[in-house]
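Quick note: the sequence shown uses my numbering, first residue 6, plus one each step.
A quick write-up on the structure given underneath.
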Amino acid sequence: METIPPHRKLLYASIVFAVIGVIATSFYAIDQATLYYLFKSEAQKDFETAKTIIASHQPFEAPVPEQMGPHNSSASLDFGLRGSNPEKAPEIISPSWKLPYAKAVSVTQALAEQFHELELLVVNVPGRPLAVYPRNMTRSRVNQILSDPKAYEAWHAALKSGEQEIYTNFDWFEWKIPEFGTIIPYVNEENRVRGGFIFFTKPKLSTIVFLDTIAFGSAFAFLLVVVVALTSIMFAWKGLHDRWKTSKTIRFLAHNDPLTHLPNRAVFSDELNKALRKASITASNVYVIAIDVDKFKEVNDNHGHAAGDTFLQIISDRLRLVFTEHLVSRLSGDEFAVMIEGDYTRHDITVLAQRALATTNTDCVIDNKEIRISLSMGIAQATDAAWRSSRLLHCADLALYRSKNGGRSIYTWYEASMDEELQRRRELETEMIRALKQDGFSVVYQAQVGLADNKLKAFEALLRWVHPEKGRISPEIFIPIAEDTGLIEALGEYVLKKACADAASWSDPSLKVAVNFSPAQFKSGLIEQKITEALEESGLAPERLEIEITESLLIADTTSVVKSLRKIGDMGVSIAMDDFGTGYSSLSYLSRFPFNKIKIDRSFIMNIGKDAHTDAIVAAIIGLGRSLDVLITAEGVEDEMQAQILRAGGCDIVQGYYFGKPANVDPQNPHANIRCRLGEDETMQVESAQSV
């Protein structure tokens with residue numbers, strides 16, 4: 006379970022307190038605003054009434070002319086106890102303007118009839134009080150009103166504008182009932198301000214109205230806070246939900262394969278470790294089945310990666326159906342694994358493996374194309390408590406490797422001898438690297454003879470390895486290892502340069518040399534450059550070099566390979582398709598690239614003359630060669646009868662033990678020990694030794 010870091014806890018607590026503070030502040034602010042606007046609205050009504058009453062009585066009277074003081078444009082207006090006004094009045098009026106007693110009484114009586122509680126100060130233009138109401142208003146109260154900064158600002162604003170000004174003691178940060186006052190300037194017929202009134206009255210608000218107002222403000226604040234809170238919660242939930250989904254996706258990808266949704270390698274290893282620990286206590290069985298999709302790369306290359314992804318999803322679904330109660334995992338691209346624990350026997354596991362293979366009998370259909378499914382399996386069992394997950398997976402992989410080399414689409418149980426085989430492979434790999442550095446490999450040549458004139462046409466270069474301790478090692482053993490480990494490129498380059506150099510030294514300049522190329526040599530994209538370098542270093546004419554490829558090379562990447570082959574053909578180098586007839590798509594590749602030669606695989610030649618079907622196939626291949634104007638070479642010719650049948654069928658060139666075994670070539674006499682015709686004397690030289 007994940008724990009929340011201390012700094013994250015502090016952040017969350019701060020957010021909670023901040024939200025509570027915002028809610029409380031919102032309530033307070035809305036209640037304050039409600040009070041302010043409620044009392045201001047009532048005060049405005051009262052002030053308008055007072056203004057009307059005062060204006061109707063015209064309380065001020067003009068002074069007598071001789072009493073008017075001289076105009077002083079620089080004099081300032083003093084206002085009560087507040088001191089000087091920094092701004093200049095538009096016109097200085099003499100303080101001799103007076104309020105007659107009768108008018109003062111009539112004004113106050115009219116106001117008293119309208120308002121029960123009021124305060125009224127009558128001031129002249131300089132701001133001196135002329136009269137107050139009620140009569141018992143104290144001097145301190147008068148000074149308090151006259152010294153109020155807000156009243157001071159409102160008075161000067163009213164003098165400038167000639168309009169009524171309202172001021173208040175309201176403060177957002179003080180919780181109290183706001184009080185409002187007004188400045189009502191008196192403007193005469195000449196539109197001049199002759200004095201003014203400072204008026205206060207208490208609002209006629211009942212307790213019920215006041216409480217209703219507070220309740221309304223609180224309710225409105227509550228609704229506003231609820232709306233804001235719900236909106237915030239909605240956005241917060243959306244953010245948290247998206248984050249939760251992202252986190253869930255991250256956790257899923259950390260434990261599952263994104264394509265098939267099967268558990269990944271990390272989960273499989275963890276569960277396997279748990280099962281092995283449990284098995285060491287309960288003495289139960291633990292099995293691992295390693296599964297590999299055969300020729301998956303061909304599916305990607307021929308049908309596209311999107312189809313390849315769908316192909317893997319179909320396979321994973323079929324594996325789930327078979328191993329419903331067990332852990333099925335995708336370890337990598339086309340590798341799957343199954344863990345089985347409990348009281349199962351080898352027979353039970355074998356039955357499950359057979360069911361899994363049976364699911365491949367039905368092809369899958371992707372984009373209206375049928376694609377065959379083939380699975381190879383390796384099975385390993387933990388036999389004691391000392392087994393570890395890595396060891397069990399390793400053993401299952403060894404068994405899987407045996408299945409793939411044994412014909413594919415089969416299952417194989419792990420055996421202890423497989424470890425020994427792996428050790429031998431590793432030793433051979435090390436020895437091959439050493440042999441490459443120390444020139445431990447050699448190249449021998451097997452003759453290719455024309456059947457029409459029985460003349461020597463070419464030699465095929467064959468790589469040989471004689472180990473100083475292990476003796477002769479078959480190419481069928483070390484070539485697959487070289488292809489798996491990447492050493493095949495170095496070996497292929499060695500054979501190419503050696504064959505070109507040897508052929509350049511032969512006394513007969515008409516003889517060609519054929520070199521086999523592995524598909525791995527084309528992966529680097531430098532094959533044309535390497536052929537050019539070998540020809541230039543040896544001085545061999547390009548027309549005397551022939552390269553042999555199998556259709557597996559074309560399957561790997563048809564477009565780029567055909568492009569490379571065309572460049573090689575443009576050099577003048579001949580190109581032959583080796584082992585023709587053993588692949589399911591050989592004919593399609595003949596239409597994509599114009600080969601110079603087709604070599605019939607030895608598996609057909611060994612049964613020629615013994616099986617009618619084989620004879621028909623060989624005859625068809627020879628006829629195809631004639632139609633395409635391509636030379637036909639037959640491999641594996643070992644007796645005279647096979648040679649005669651091929652000659653009668655129209656085969657062009659033969660190669661096999663009957664005409665000459667692989668051996669070194671004497672540069673001065675390359676025809677030695679070859680069953681062929683020499684020059685004009687038609688002398689036959691036959692191989693004298695049984696082995697070379």
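Idealized CB from N, CA, C, for every residue including glycine.
Closest Cα partner of residue i within the set the options
{"i": "ARG413", "options": "ARG393, ASP634, THR365, VAL27", "result": "THR365"}
{"i": "PHE273", "options": "THR206, ALA463, HIS310, PHE341", "result": "PHE341"}
{"i": "ALA525", "options": "LEU550, LYS442, ALA495, ALA509", "result": "ALA495"}
{"i": "ARG469", "options": "PRO480, PRO105, LYS460, ARG549", "result": "PRO480"}
{"i": "TRP418", "options": "ARG430, GLU47, LEU264, LEU405", "result": "LEU405"}
{"i": "LEU135", "options": "ALA109, LYS300, GLU122", "result": "ALA109"}
{"i": "LEU427", "options": "ARG393, ASP489, LEU380, ARG477", "result": "ASP489"}
{"i": "GLN359", "options": "ILE376, ASP389, LEU380, ARG140", "result": "LEU380"}
{"i": "ASP734", "options": "ILE376, ALA361, LEU362", "result": "The first residue shown for the chain is 6 and the last is 697, placing residue 734 beyond what the model contains."}
{"i": "LEU264", "options": "ILE294, SER252, THR236, ASP339", "result": "ASP339"}
{"i": "ILE35", "options": "ILE150, PRO64, PHE178, ILE650", "result": "PHE178"}
{"i": "LEU397", "options": "ARG430, LEU633, GLY641, LEU281", "result": "LEU281"}
{"i": "GLU432", "options": "ASP402, VAL448, ILE478", "result": "ILE478"}
{"i": "ARG323", "options": "GLU303, ALA259, ILE378, GLU118", "result": "ILE378"}
{"i": "LYS56", "options": "THR113, TRP511, TYR106", "result": "THR113"}
{"i": "ALA677", "options": "ASN269, LEU651, ILE610, TYR450", "result": "TYR450"}
{"i": "ILE189", "options": "THR143, MET142, GLN443, GLY132", "result": "GLY132"}
{"i": "ILE573", "options": "ALA539, ILE605, ASP606", "result": "ALA539"}
Extent of the continuous alpha helix (DSSP H) to which residue i belongs
{"i": "ASP513", "result": "Per DSSP, ASP513 belongs to no alpha helix (DSSP H) and is neither H nor E."}
{"i": "TYR406", "result": "394 to 410"}
{"i": "TYR106", "result": "106 to 119"}
{"i": "GLU340", "result": "GLU340 -> not in any alpha helix (DSSP H); beta strand (DSSP E) instead, spanning 340 to 347."}
{"i": "ALA639", "result": "Element bounds for ALA639: not the alpha helix (DSSP H) but the beta strand (DSSP E), 636 to 640."}
{"i": "LYS460", "result": "Unbroken run through LYS460: none, as it is neither H nor E."}
Endpoints, beta strand (DSSP E) assigned at residue i
{"i": "ARG477", "result": "476 to 478"}
{"i": "LEU123", "result": "123 to 128"}
{"i": "PHE202", "result": "198 to 206"}
{"i": "LYS602", "result": "602 to 605"}
{"i": "ILE376", "result": "374 to 376"}
{"i": "SER334", "result": "332 to 335"}
{"i": "LYS615", "result": "Where LYS615 is concerned, there is no enclosing beta strand (DSSP E), given that its DSSP letter is neither H nor E."}
Simplified DSSP state of residue i, which is helix, strand or coil
{"i": "GLN451", "result": "strand"}
{"i": "MET73", "result": "In this prediction, MET73 has a pLDDT of 39, which is less than 50 and means its spatial position is unreliable; nothing more can be read from the coordinates."}
{"i": "PRO675", "result": "coil"}
{"i": "TRP418", "result": "strand"}
{"i": "TRP242", "result": "helix"}
{"i": "CYS656", "result": "coil"}
{"i": "ALA528", "result": "For clarity, residue 528 is Lys in the given sequence; the question names Ala instead. Coil."}
{"i": "THR187", "result": "strand"}
{"i": "ASP83", "result": "Model confidence at ASP83 stands at a pLDDT of 36, short of 50, so the residue's coordinates are unreliable and nothing is read from them."}
{"i": "VAL578", "result": "coil"}
{"i": "PRO134", "result": "strand"}
{"i": "LYS666", "result": "coil"}
{"i": "GLU92", "result": "Any reading at GLU92 must be qualified, since the residue scores a pLDDT of 42, below 50, and its modelled position is unreliable; no value is offered."}
{"i": "GLU179", "result": "coil"}
{"i": "ALA162", "result": "helix"}
{"i": "LEU545", "result": "coil"}
{"i": "VAL697", "result": "Reliability fails at VAL697, whose pLDDT of 35 lies under 50, so the model's placement of it is uncertain and no value is given."}
{"i": "LEU492", "result": "coil"}
{"i": "ILE552", "result": "strand"}
{"i": "GLN647", "result": "helix"}
{"i": "MET382", "result": "strand"}
{"i": "LEU1", "result": "Residue 1 cannot be examined here, being either before or after the span of the chain that is shown, 6 to 697."}
{"i": "ASP584", "result": "strand"}
{"i": "SER78", "result": "Note on SER78: pLDDT 32, under 50, position unreliable in the model; no value is reported."}
Proximity of residue i and residue j at Cβ, strictly below 8 Å
{"i": "ILE415", "j": "ILE384", "result": "no"}
{"i": "PHE316", "j": "ILE255", "result": "no"}
{"i": "MET423", "j": "ILE486", "result": "no"}
{"i": "GLY628", "j": "LEU636", "result": "no"}
{"i": "ALA519", "j": "GLU553", "result": "yes"}
{"i": "PRO183", "j": "TYR33", "result": "no"}
{"i": "VAL147", "j": "VAL137", "result": "yes"}
{"i": "LYS602", "j": "THR638", "result": "yes"}
Any non-hydrogen atom of the ligand GDP within 7 Å of residue i CB
{"i": "ASP275", "result": "Judged by which ligands are present, the structure shown has none, so any question about the ligand GDP falls away."}
**Prompt:** Between the segment 236 to 256 and the segment 47 to 55, do three or more beta carbon pairs fall short of 8 Å?
**Reply:** With a cut-off of 8 Å, the segment 47 to 55 and the segment 236 to 256 do not count as touching, because too few Cβ pairs lie within range.
**Message:** Can you confirm whether the segment 222 to 237 touches the segment 189 to 201 when touching is taken to mean that 3 or more C-beta pairs between the two stretches lie within less than 8 Å?
**Reply:** By the Cβ criterion, the segment 189 to 201 is not in contact with the segment 222 to 237, since fewer than three pairs of Cβ atoms, one from each stretch, lie closer than 8 Å.
**Message:** Check whether the segment 492 to 502 and the segment 450 to 464 are in contact - that is, three or more C-beta pairs closer than 8 Å.
**Reply:** Judged by pairs of C-beta atoms under 8 Å, the segment 492 to 502 does not touch the segment 450 to 464, as fewer than three such pairs exist.
**Request:** Tell me, please, whether the segment 147 to 166 touches the segment 15 to 30 by the rule of three or more beta-carbon pairs shorter than 8 Å.
**Result:** They do not touch, by the three-pair rule.
**Prompt:** Using 8 Å as the Cβ pair cut-off and three pairs as the minimum, do the segment 569 to 582 and the segment 544 to 553 touch?
**Reply:** Taking 8 Å as the limit for Cβ pairs, the verdict is that the segment 544 to 553 does touch the segment 569 to 582.
**Message:** Below 8 Å, how does it come out for the segment 288 to 308 and the segment 229 to 236: are there three or more Cβ pairs, yes or no?
**Reply:** With the cut-off at 8 Å, the segment 288 to 308 and the segment 229 to 236 do not touch.
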